[in-house]
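Same order as they appear, the protein sequences are chains A and B. Following my numbering, the numbering of the first sequence begins with 1 at its first residue and continues without gaps. Following my numbering, the numbering of the second sequence begins with 368 at its first residue and continues without gaps. For every residue, glycine included, the Cβ atom is placed at its ideal position computed from N, Cα and C. Remember, it's a predicted structure, so these values are computed and weren't measured experimentally.
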Amino acid sequence: MNKKNNVLSGISKLWSHYSYIFVFLLIILVYAGVIANNGQSFNTGHLSTILASQYTVIVGTIALGMSLVIITGQIDLSVGSTLVITTACSIMTYNLTGGNVLLMILAGVGSGFICGLINGLFVGLAKMPPFIVTLGTMLIYRSLALSFVNARFDFADAAGISSGQFKLLNEFPSYEFIRMQFGSGSLDIFGFKLPYITILFVLLTVLFIILTQKTKYGKSVYAVGSNEKAARLTGINVTWVKISAFVITGVLVGVAGIMQACKMSNVNPASSGQSYEMYAIASVVLGGVSMSGGRGKLLGVFFGAMSYCTVNTIIAISGLPITMQDAFQGVVLIVVIFIQTVSPIIKEKFEQHRKRKLNESGGKTNA
Amino acid sequence: MNILEMQNISKSFGGVKALQDVHLIVKQGEIMALMGENGAGKSTLMNILTGVIPQDCGSIVFDGKTYNFPTIAEMEDAGIAFVHQELNVINDLTVYENIFLHREITKMGMIDDRKEIEATRKLFNDLGVDINPEMMVSELKTSEKQLLEICRALHMEAKLLILDEPTTSLSNEEVERLFGILRRMKEQGKSFIFISHKMPEIFAIADSYTVFRNGRFVSSGPISETSPEKMTSDMTGESFDEHEVYQSRKLGEAVLNVVGLCGKGFSDINFTLHKNEVLAFTGLAGCGASELMQTLFGVLPIEGGYVEAGNHKLGGDIKAFMRKGVAMLPSNRKENSVIGDLSILENMYLAEHRLSGNKPLIDNKKEYARYEKQKSALRIKAENPDDAINSLSGGNQQKIFLARWLNTEADILLFDNPTQGVDVGAKVEIYQLIMEFANAGKAIIINTLEIPEIMKVADRCLVFYEGKINRIFNHDEINEKDVMLYSTNAINAKGDAASE
Numbered sequence: 001m002n003k004k005n006n007v008l009s010g011i012s013k014l015w016s017h018y019s020y021i022f023v024f025l026l027i028i029l030v031y032a033g034v035i036a037n038n039g040q041s042f043n044t045g046h047l048s049t050i051l052a053s054q055y056t057v058i059v060g061t062i063a064l065g066m067s068l069v070i071i072t073g074q075i076d077l078s079v080g081s082t083l084v085i086t087t088a089c090s091i092m093t094y095n096l097t098g099g100n101v102l103l104m105i106l107a108g109v110g111s112g113f114i115c116g117l118i119n120g121l122f123v124g125l126a127k128m129p130p131f132i133v134t135l136g137t138m139l140i141y142r143s144l145a146l147s148f149v150n151a152r153f154d155f156a157d158a159a160g161i162s163s164g165q166f167k168l169l170n171e172f173p174s175y176e177f178i179r180m181q182f183g184s185g186s187l188d189i190f191g192f193k194l195p196y197i198t199i200l201f202v203l204l205t206v207l208f209i210i211l212t213q214k215t216k217y218g219k220s221v222y223a224v225g226s227n228e229k230a231a232r233l234t235g236i237n238v239t240w241v242k243i244s245a246f247v248i249t250g251v252l253v254g255v256a257g258i259m260q261a262c263k264m265s266n267v268n269p270a271s272s273g274q275s276y277e278m279y280a281i282a283s284v285v286l287g288g289v290s291m292s293g294g295r296g297k298l299l300g301v302f303f304g305a306m307s308y309c310t311v312n313t314i315i316a317i318s319g320l321p322i323t324m325q326d327a328f329q330g331v332v333l334i335v336v337i338f339i340q341t342v343s344p345i346i347k348e349k350f351e352q353h354r355k356r357k358l359n360e361s362g363g364k365t366n367a
Numbered sequence: 368m369n370i371l372e373m374q375n376i377s378k379s380f381g382g383v384k385a386l387q388d389v390h391l392i393v394k395q396g397e398i399m400a401l402m403g404e405n406g407a408g409k410s411t412l413m414n415i416l417t418g419v420i421p422q423d424c425g426s427i428v429f430d431g432k433t434y435n436f437p438t439i440a441e442m443e444d445a446g447i448a449f450v451h452q453e454l455n456v457i458n459d460l461t462v463y464e465n466i467f468l469h470r471e472i473t474k475m476g477m478i479d480d481r482k483e484i485e486a487t488r489k490l491f492n493d494l495g496v497d498i499n500p501e502m503m504v505s506e507l508k509t510s511e512k513q514l515l516e517i518c519r520a521l522h523m524e525a526k527l528l529i530l531d532e533p534t535t536s537l538s539n540e541e542v543e544r545l546f547g548i549l550r551r552m553k554e555q556g557k558s559f560i561f562i563s564h565k566m567p568e569i570f571a572i573a574d575s576y577t578v579f580r581n582g583r584f585v586s587s588g589p590i591s592e593t594s595p596e597k598m599t600s601d602m603t604g605e606s607f608d609e610h611e612v613y614q615s616r617k618l619g620e621a622v623l624n625v626v627g628l629c630g631k632g633f634s635d636i637n638f639t640l641h642k643n644e645v646l647a648f649t650g651l652a653g654c655g656a657s658e659l660m661q662t663l664f665g666v667l668p669i670e671g672g673y674v675e676a677g678n679h680k681l682g683g684d685i686k687a688f689m690r691k692g693v694a695m696l697p698s699n700r701k702e703n704s705v706i707g708d709l710s711i712l713e714n715m716y717l718a719e720h721r722l723s724g725n726k727p728l729i730d731n732k733k734e735y736a737r738y739e740k741q742k743s744a745l746r747i748k749a750e751n752p753d754d755a756i757n758s759l760s761g762g763n764q765q766k767i768f769l770a771r772w773l774n775t776e777a778d779i780l781l782f783d784n785p786t787q788g789v790d791v792g793a794k795v796e797i798y799q800l801i802m803e804f805a806n807a808g809k810a811i812i813i814n815t816l817e818i819p820e821i822m823k824v825a826d827r828c829l830v831f832y833e834g835k836i837n838r839i840f841n842h843d844e845i846n847e848k849d850v851m852l853y854s855t856n857a858i859n860a861k862g863d864a865a866s867e
């Protein structure tokens, strides 16, 4: 009886700390089932496809920043539009500088920095609600990119602007490296193909796990999200922490923009990055980060991004009618979060019930 | 006839025993005073009674019916109403809308305002309450809100009302009016549990009493068979001695010089704080002492005058004050200190990290070592530094926050109401620690409304009235009556009357 209880409490502890891994494994199982149903067998190639997918690497990279913003108790709706700007900036810079990769990276990261800073300043200094500010910039950023692509500037051809999109030109020597190697190539580890772009995502995840768990800055991010007033009274500059979360997110969207440029070689302001803010939020939430701030792990976000991507893949191959795909995504999201929210409540009820029983039987022996 | 019998109630939170085998009996038509210091277990017992939390064991019999693990709704239906200290009225509705909230009178699905106003007026008439039913609650005085909440409970046909410190925000006149209403309702057969710390009120209104100490039942009986002295010793324990903590010390050089300081809620403040000194601020709620303390830590802006520490003028944000060796333990621990999602260790090291930002990585080994040092120095009772901060009792949490600031090696320690929500044992320990800090060369200011506390620790006491220092007492001159006279400015009122 006691042993059984120990095992049970061990499992429940593991579940509460690493529920995002269980969620991921469960979704992978479903994925394997769907594949088997289609008459194939699940193999490492499928895993490698998930790891290489834009929903894992690009949305995942954005989600790392989004989780920082959410942990401080805010939200950033502008990331999808920012992605269009940063991708456009890095593509144009690459094209106009004759294929200079360093300047391309600088342009992507720099434009993300500026977009994030604008959000941060309105929220941090002007104390405006982040939902409204980033809703506004979401509209502004995309609209700017759209009008830019349609403006027919003299340098449009040289910058790679054609037919409503920004396109990476393939005439420079570095093209082979960034597009074919980094963008679509992969490292072969005993037959398992690990895409280079995924390696970058993994490195970023590790960096952000260290940032949030091992640095003084990271702890102040949690403190601000958990109790802003108390955080301020320990000397934390709350305004600065809030602004920094947006700026870091902007920079990460910049990196995601470079990934997009290398992986897809183009960006279309009218359609690219559409709803990415929702995908990023979904990844963050599937990763077990609390929407009310103060709680959550960046490792969770890594798994959250993969879970989200797998759900998308399942939908794509399941033969579900296109009109129903969004509904299915929504259902999965709600079910997972329902389990995460409701299971502690059920656990508590169960505990209460157990105590009541103990009490009743105790009362009987007394009588 | 007993309307309520609670027997053998026990409750623990984590490892902390909040209640141990206590009982409580209320007779029909009486006012029963429930007494005990903070942390004695009064609110835990009331939460059990109203179904907010379940007891670990024990039985509840109310109005002849046994309740095992009741829900909030069950106890409300049974006729128990809890009038909380923090008022639960809704400011953006009118008085009568508050009275009828969730139980609206309707006519064809629409709220019948006229009938509700009529009924409210009648209720107020019966009780002798003079409030316009159509006023917005936000326009009411605090005392009227208190009355409104009591009226609402009565309108719900409560048989037993729990009044949690109902007089804290009332003037003497309003207290009299409230007592009048309570007596009238008592005659109508209503019963009350009256929670208060104010002895004179207890002896003016209560019929019987029950005293708890540290989660245990101590005594009970008719109020006529006890005395304020007996009750105080029941509440605090026999060994309680007001002056045993205080030791006089030789003061060092001046470390903080406040000159003509003006800010939110206070003006023209002058005083000097010395090394090894414990200075107390006191006064009524809203006297400006807490605001002054916050200004001395950069939370609120300096609006005039200046503050000097050593030869440096202080100013800027909180971090700038911290760099100059100032630390502040804020009042209202739950709101201003506890960071609930972080562990005990993380809660402790947060402030020091602001001063060591040049090393951005956290050195866990060093942090654990520091924690162990503080844990033994402050006699903190905690199992594992990685546990949640909320797993600790109030007193131990407060010690973690003391450690948070000692970690910054500040020389000037500001404590705003440091024993709020801390149990008796931990209170005494905090006083002893304050003495130890002073002996070790810290300069300390403690802001508190509790005069016995001042007598235990302070070398000098600054009494505030309406944002100004009304009087400075030296340790030997501090006594409850004089401090009260200057806090309420009664002394000058008398003077004015005499001169007229």
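Which bits of chain A does residue i rub up against, with CB to CB less than 8 angstroms?
i	result
B/Gly-630	Result: empty, since nearest Cβ-Cβ is about 17 angstroms, beyond 8 angstroms.
B/Lys-686	Gly-235, Asn-237
B/Ala-519	Ala is not the amino acid found at residue 519 of chain B; the sequence shown has Arg there. Within chain A, no residue comes near B/Arg-519; the closest Cβ sits about 30 angstroms away, beyond 8 angstroms.
B/Arg-771	Thr-234
Starting from the Cα of residue i, find the closest Cα among the options and give me that residue.
i	options	result
A/Val-123	A/Val-221, A/Asp-76, A/Val-30	A/Asp-76
B/Lys-432	B/Ile-420, B/Ile-447, B/Cys-424	B/Ile-447
A/Ser-143	A/Glu-176, A/Ser-78, A/Ile-91	A/Ser-78
B/Leu-816	B/Arg-827, B/Phe-840, B/Arg-838, B/Asn-784	B/Asn-784
B/Leu-386	B/Pro-589, B/Ile-398, B/Lys-597, B/Pro-421	B/Pro-421
A/Lys-216	B/Met-475, B/Asn-714, B/Arg-580	B/Asn-714
A/Ala-270	A/Gly-112, A/Phe-166, A/Ala-158	A/Phe-166
A/Leu-340	A/Lys-349, A/Leu-8, A/Met-324, A/Gly-287	Correcting the residue type first, residue 340 of chain A is Gln in the shown sequence and not Leu. If we check each option's Cα against that of A/Gln-340, A/Gly-287 comes out closest.
A/Gly-257	A/Gly-235, A/Ile-197, A/Val-238	A/Ile-197
B/Ser-698	B/Phe-633, B/Gln-764, B/Gly-403, B/Lys-474	B/Gln-764
B/Ser-520	B/Leu-454, B/Ile-836, B/Met-695	Before going on, a small fix: residue 520 of chain B reads as Ala here, not Ser. Among B/Leu-454, B/Ile-836, B/Met-695, the Cα nearest to that of B/Ala-520 belongs to B/Leu-454.
A/Thr-239	A/Leu-125, A/Gly-185, A/Asp-188	A/Leu-125
B/Glu-833	B/Phe-559, B/Gly-425, B/Ile-636, B/Asn-458	B/Ile-636
A/Ser-275	A/Ser-19, A/Thr-82, A/Ile-248	A/Thr-82
In the DSSP assignment, the beta strand (DSSP E) including residue i goes from what residue to what residue?
i	result
B/Val-674	671-676
B/His-641	633-641
B/Tyr-434	432-434
B/His-390	383-394
Where do the ends of the alpha helix (DSSP H) carrying residue i lie?
i	result
B/Asn-714	711-722
B/Glu-554	539-554
B/Asp-601	595-603
A/Ile-197	196-214
A/Cys-262	238-264
B/Met-695	Careful: B/Met-695 lies outside any alpha helix (DSSP H), inside the beta strand (DSSP E) at 693-696.
A/Phe-131	130-149
B/Ile-729	B/Ile-729 -> no alpha helix (DSSP H), and no H or E assigned at all.
Using a cut-off of 7 angstroms between C-beta atoms, extract the partners of residue i located in chain E.
i	result
B/Ile-706	Structure shown: chain E not included; protein chains present are A and B.
Going by the DSSP bridge assignment, what does residue i pair with across the sheet?
i	result
B/Pro-589	B/Ser-575
B/Ser-377	B/Cys-424
A/Gln-165	A/Ser-162
A/Leu-62	At residue 62 of chain A the sequence reads Ile, which differs from the Leu that was named. Note: A/Ile-62 sits in no beta bridge, so no partner.
B/Cys-629	B/Gly-671
Can you list the residues of chain B that residue i reaches, using a CB-CB cut of under 7 angstroms?
i	result
A/Lys-216	His-720, Gly-724, Pro-727, Ile-729
Can you pull the chain B residues whose beta carbon is under 9 angstroms from the beta carbon of residue i, in chain order?
i	result
A/Gln-352	Pro-421, Phe-436
A/Gly-294	Ile-706, Gly-707, Asp-708, Leu-709
A/Lys-219	Leu-709, Glu-713, Tyr-716, Leu-717, His-720, Ile-729
Name the chain A residues whose beta carbon is nearer than 9 angstroms to that of residue i?
i	result
B/Arg-737	Within chain A, no residue comes near B/Arg-737; the closest Cβ sits about 14 angstroms away, beyond 9 angstroms.
Members of the region 688-713 of chain B near chain A, C-beta cut-off 8 angstroms: Met-689, Met-695, Pro-697, Glu-702, Asn-703, Ser-704, Val-705, Ile-706, Gly-707, Asp-708, Leu-709, Glu-713
Cβ-based contacts, 9 angstroms cut-off: residues of the region 666-681 of chain B near chain A: Val-666
Near-chain A residues of the region 566-585 of chain B - C-beta to any C-beta below 7 angstroms: none
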